[in-house]
Amino acid sequence: MNAVRVNRTVQLPLAELDVSFSRSGGPGGQHANTSSTKVELRWDLEASSALTPPQKQLLRSRLGSRLTDEGVLVLQSSEHRSQTRNREAAVARLVALLSDALRVSPTRRPTRPTRAARQRRLEAKRRRGDTKALRRPPEA
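Take the sequence shown: its letter number 15 is residue 204 in the working numbering, and every next letter is one higher.
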């Protein structure tokens with residue numbers, strides 16, 4: 190496996206993913222103190238060869254708050270005890286983020302209210318107007 194599949198058209202080469210490991214925080218005793226299981230995954234959006242310029246622009250706008258100033262997406266995973274499982278979790282999170290951000294929402298087709306819906310709306314307006322008319326002082 191030399192590429193990560195994001196969707197039907199996009200595959201990220203593993204060479205574009207910069208993975209580093211460090212000691213995980215929190216409880217765990219001797220195991221946590223001696224093993225580097227925390228994974229930090231960095232992916233440079235600007236330098237990626239897997240995306241077209243329109244796709245990069247879309248990701249920049251949708252993931253803007255998650256990108257660094259240099260356009261790098263940084264994900265961390267330390268929920269598992271194993272380095273391998275943390276790496277898999279970080280890659281899965283990256284794939285989920287990118288596939289959601291690249292999904293294009295369908296354009297809305299404008300529709301018209303049905304005749305019955307218009308009648309219901311007008312009837313509700315008339316009833317509301319009648320209620321408010323009852324609040325007026327009587328005409329002398």
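For glycine and all other residues, C-beta sits at the position ideal for the given N, C-alpha and C.
Next on the checklist: I'd like the list of long-range same chain contacts for L291, defined as Cβ closer than 8 angstroms, with 5 residues on each side in sequence excluded.
Outcome noted: V195, N196, V199, Q244, L247 and L248
Checklist entry - So, S266 versus K227, is the Cβ gap smaller than 9 angstroms? => result yes
Checklist entry - Where does S224 sit, in a helix, a strand or coil, going by DSSP? => result coil
Checklist entry - Any idea what DSSP makes of D258, helix, strand or coil? => result coil
Next on the checklist: Please tell me whether R315 and P302 are closer than 9 angstroms, where the distance is taken between their beta carbons.
Outcome noted: no
Next on the checklist: Taking its Cβ as the centre, do 16 or more other Cβ atoms sit within 10 Å of V263, making it buried, or is it exposed?
Outcome noted: exposed
Next on the checklist: Do E268 and S238 count as a contact pair if the criterion is CB distance below 9 angstroms?
Outcome noted: no
Next on the checklist: To the nearest angstrom, how far is the alpha carbon of A236 from that of S209?
Outcome noted: 19 angstroms
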